Structures are given as structure tokens and as C-alpha cells.
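Engineer:
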Amino acid sequence: MYQLTTLLIVLSAFFLSVLAAPLPDAKSLDKRTTHYGRGTWFNVGEGACGDWNVNSDSIVAISAQIYGSGGNCGQWVHVTNTANGKSAYGLTRDECESCGAGDLDMSPGLFEQIGDLSTGVLSISWNFEAMGWSP
-7 MYQLTTLLIV LSAFFLSVLA APLPDAKSLD KRTTHYGRGT WFNVGEGACG DWNVNSDSIV
53 AISAQIYGSG GNCGQWVHVT NTANGKSAYG LTRDECESCG AGDLDMSPGL FEQIGDLSTG
113 VLSISWNFEA MGWSP
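Listed below in C-alpha cells is the structure:
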């Protein structure tokens, strides 16, 4: 009887500790998400994040759906051209009003690292890097 009681106490303690473990918040889960969409380029200037950049900087504008209130400003993105496998990093500095949720608008400097400007539109995959991370 003593062994059964001990077993039930241990199992109950284990079960309660699993229930008490914190769940990751939705924002941190989004950072692990790989997005798929179209990659285009634009001439940069002052972005929605409030910073000025030039075309040679590696800059991305994310869709309005993801941009929200700008919580991803200053966060690095890893973007890959799915047609040729080339990848590069871009810094989130702007919002793209005309982009679909999985699309990115890139500075010419970033776009040229993974494709040719004359192409205009690339098939891409991308994900956010951890906040504070830098290449």
C-alpha cells in the first residue's frame, strides 16, 4: 500500500509540474515560422520604423499584417531565393502596404545578394532571427 501511495504522489507531482510549465507566447512562436512569398525591391529612404537608409543597405519592409505596431523594427530577417538557394540577411526598417503576409520588399542592395534586379520578383522563404541578433 505504501508503494502505491508513493507512486500516486510522484505521478501527481509530475503531472502538476507539467501543467505549471509556461507555454511560449505567440510572438516567440512567430519568430520560428518560415514564411513563403514574393520578394520585390524598392528604393529606400525613411522607413516606417523612423530610420533613414540608403539603397546599398540590407533593408526589408514587411507586410502590414506582420508589421502591426512596429514590434519587429530593428529585427534581422534571413531571406532565401527558393529558385537558386542564395540567401542573405536584411534588417527590418519599413512596412510594405502592398505586400501579402509572406512577401518582403527589399532594398536593391539586399535584393542583388540573392537575385538580379531586372528579375523584379523572386520566390522567397524567410524567417525572423531572434530579437537582438545581428549577422
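Numbering (this note's numbering), first residue to last: -7 to 127. All C-beta atoms, glycine included, are put in the ideal place defined by N, C-alpha and C. Source: prediction; values computed, not measured.
If I follow the unbroken alpha helix (DSSP H) through L109, where does it start and stop?
Structural biologist: No alpha helix (DSSP H) holds L109; DSSP gives it neither H nor E.
Engineer: With a Cβ-Cβ cutoff of 8 Å, do A53 and G31 count as a contact?
Structural biologist: Against a cut-off of 8 Å, the Cβ pair of G31 and A53 comes out as no contact.
Engineer: What is the residue span of the beta strand (DSSP E) that A80 lies within?
Structural biologist: First-last of the beta strand (DSSP E) with A80: 79 to 88.
Engineer: Just the Cα atoms here: how many angstroms apart are S48 and G101?
Structural biologist: The straight-line gap from Cα to Cα measures roughly 4 Å.
Engineer: Taking C-alpha atoms, which residue in A122, W125, G77, E87 lies nearest to Q148?
Structural biologist: One cannot answer for residue 148 here, as it falls past the ends of the chain, which runs -7 to 127.
Engineer: Using C-beta distances below 6 Å, list every residue in its chain close to V113, excluding the 5 sequence neighbours before and after it, in chain order.
Structural biologist: Closer than 6 Å at the Cβ level, and outside the excluded window around V113, lie R30, T32.
Engineer: With 16 other CB atoms within 10 Å as the buried threshold, where does N35 fall?
Structural biologist: So N35 ends up on the exposed side.
Engineer: Return the bridge partner residues of N119 from the DSSP annotation.
Structural biologist: For N119, which the question treats as bridged, DSSP gives the partners H70.
Engineer: Express the C-alpha separation of T84 and T26 in angstroms, rounding to a whole number.
Structural biologist: Answer to the nearest angstrom: the Cα atoms are 16 Å apart.
Engineer: Would you give the residue range spanned by the alpha helix (DSSP H) that A56 belongs to?
Structural biologist: That run of the alpha helix (DSSP H) goes 56 to 59.
Engineer: I'd like the span of the beta strand (DSSP E) that includes W33, first residue to last.
Structural biologist: Residues 27 to 33.
Engineer: Can you tell me where the beta strand (DSSP E) with D137 in it begins and where it stops?
Structural biologist: Shown here, the chain extends from -7 to 127; a query on residue 137 therefore has no answer.
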